[in-house]
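First up is the structure itself, then whatever we jot down about it.
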Amino acid sequence: MTVSRNSPKRAIDLQESRIRLRIGERSYLLDPQRAFVFAHNLILKKEYENAATVLKAVVASNVEHPRPAILLAYCKAALKDYAASHDLLELSLPEDKRPVADRLHDAFAYHGLGVRTDTLQELVSLANEYKDMPTVCLILGDIFAEAQKMRQAALCWKLAVQRDGKEGAVAQAARDVLGRLKQKTA
26 MTVSRNSPKR
36 AIDLQESRIR
46 LRIGERSYLL
56 DPQRAFVFAH
66 NLILKKEYEN
76 AATVLKAVVA
86 SNVEHPRPAI
96 LLAYCKAALK
106 DYAASHDLLE
116 LSLPEDKRPV
126 ADRLHDAFAY
136 HGLGVRTDTL
146 QELVSLANEY
156 KDMPTVCLIL
166 GDIFAEAQKM
176 RQAALCWKLA
186 VQRDGKEGAV
196 AQAARDVLGR
206 LKQKTA
């Protein structure tokens, strides 16, 4: 999947706050929020390259929150592009959150290297300190789910919903995962 704004056969097209996606034979036309949720679903499937492409388009659509950039940085670290991950965090977080960029980058790098204990410690610490960063809770839930710790994962996703509010993209992504989890356990 590629991002292009000039080609008539483009895979992703930004028009009027819509993102046009083409993945394989399927096409999608999504607003940035639904594209964020779509990218999160790709991350859960470990399709980091496709998720990164979608998130680049979301970031380019001038979304004011750093949430898609944080998720994109997570994808970049998963793809072992640690410099890009760090740069995204540095550029996307407001001045008062710049120290968080290094800590997030460390956690993402630990995860990319398979050091789950350090990843979880750093993300739990960040989630406790920065209650205005629901993306941290979303990612933390994903990592707990990878470790088959579904109770902790569900708690993190619920916290992401609570912290992002009803209409946020992070909340929608977390609600989607919680809905699928509920269906599996029913």
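So for the sequence shown, the numbering used here puts the first residue at 26; every next one is plus one. All C-beta atoms, glycine included, are put in the ideal place defined by N, C-alpha and C.
Check	Outcome
For the stretch 113 to 127 against the stretch 84 to 103, do three or more pairs of beta-carbon atoms, one drawn from each stretch, fall closer than 8 Å, so that the two count as touching?	yes
Please report how far the alpha carbon of Leu148 lies from the alpha carbon of Val161, in whole angstroms.	7 Å
Could you have a look at Tyr53 and say whether DSSP puts it in helix, strand or coil?	strand
With contact counted as at least three CB pairs below 8 Å, one residue from each stretch, are the stretch 50 to 63 and the stretch 140 to 159 in contact?	no
My output table needs one value for Leu46: the three-state DSSP class, helix, strand or coil.	strand
Got a sec? Which residues, its chain only, sit under 7 Å from Arg200 by beta carbon, not counting five neighbours each side?	Val186
The alpha helix (DSSP H) with Gly137 in it runs from where to where?	123 to 137
Which class does Val140 belong to by DSSP, given the choice of helix, strand or coil?	coil
Using the beta-carbon count (16 or more within 10 Å), is Gly166 buried or exposed?	buried
From which residue to which residue does the alpha helix (DSSP H) around His111 run?	107 to 117
Whole angstroms are fine: how far does the CA of Val79 sit from the CA of Leu46?	8 Å
Figure out for me which residue from Leu180, Arg141, His130, Lys122 has the closest Cα to the Cα of Glu154.	Lys122
Suppose you measure from the CA of Phe169 to the CA of Gln208; what does that come to, to the nearest Å?	19 Å
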